[in-house]
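First up is the structure itself, then whatever we jot down about it.
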Amino acid sequence: MNEKNGNGGHVPQRIKEFREILEISAFDLAKETDIPYETYCKYENGDLDIPISVLYTIANHLGTDVTVLLTGEEARMDSAAVCRKGKGVQIQRYPGYEFSSLAYNFKHRTIEPLLVSLDSSKPNAGAVSHSGQEFNYVVEGQVKVIVGKSEHILSPGDSIYFDARIPHGQSAVNGSAQFLTIIQE
0 MNEKNGNGGH
10 VPQRIKEFRE
20 ILEISAFDLA
30 KETDIPYETY
40 CKYENGDLDI
50 PISVLYTIAN
60 HLGTDVTVLL
70 TGEEARMDSA
80 AVCRKGKGVQ
90 IQRYPGYEFS
100 SLAYNFKHRT
110 IEPLLVSLDS
120 SKPNAGAVSH
130 SGQEFNYVVE
140 GQVKVIVGKS
150 EHILSPGDSI
160 YFDARIPHGQ
170 SAVNGSAQFL
180 TIIQE
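Under numbering that gives the first Met the number 0, the residue at position 159 of the sequence shown is numbered 158, and the numbers go up by one with no gaps.
Written out as structure tokens, the structure reads:
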């Protein structure tokens, strides 16, 4: 997971630094989070993209907010947090799949709203699954959403709500697309 907001750090490096400050071995953190050790090492070395659900699990086990891992700063707001257009924390997940965290500055979030940008000229990301539920609302372009064995083509104004434990994935249809996703863990 590579940051694009230019604040000088990377998420995997922050995880490693946080873990080392807390004197937790990589093996122990992998075990505590039910992540295979080899996979965890790839996450921490930046060799494998870290799914957002895994970021939440790691943050929880490190006793911090996911915002700290994303930005290097503590979330500050507890009554309301405004995110101006284009000002969310930009994270590139995979080539052609990037998201902007829209509530990164709100403490103790129970949902994660993200604006996702897709590019159909890039290879599709594989299916993912995580705990909780997920809502996708298409803002522009067309988005193909696969949930389990079902495939749905969504246009602007269309939405889908699903059990995020089912393997799922999104891709742009013919060009670029954007959708709002709200993830509840």
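Note that beta-carbon positions come from the ideal geometry of N, C-alpha and C, so glycine has one too. These numbers come from a predicted model, not from an experiment.
- CA-CA distance, residue 128 to residue 182, rounds to 12 Å.
- Closest in C-alpha terms to residue 104, from the list 50, 122, 88 and 155, comes 88.
- Residue pairing from DSSP places residue 175 in a beta bridge opposite 118.
- Within the stretch 63-115, the runs of alpha helix (DSSP H) at least 4 residues long that lie entirely inside it are, in chain order, 65-70.
- Sorting 18, 159, 114 and 100 by C-alpha distance to the C-alpha of residue 134 places 159 at the top.
- Annotation: residue 24 is outside any beta strand (DSSP E) and is labelled neither H nor E by DSSP.
- Residue 117 and residue 175 do touch by the CB rule: their CB atoms are close to 6 Å apart, below 8 Å.
- Secondary structure at residue 14: helix, using DSSP grouped into helix, strand and coil.
- With respect to the C-alpha of residue 120, the residue from 173, 11, 16 and 57 having the closest C-alpha is 173.
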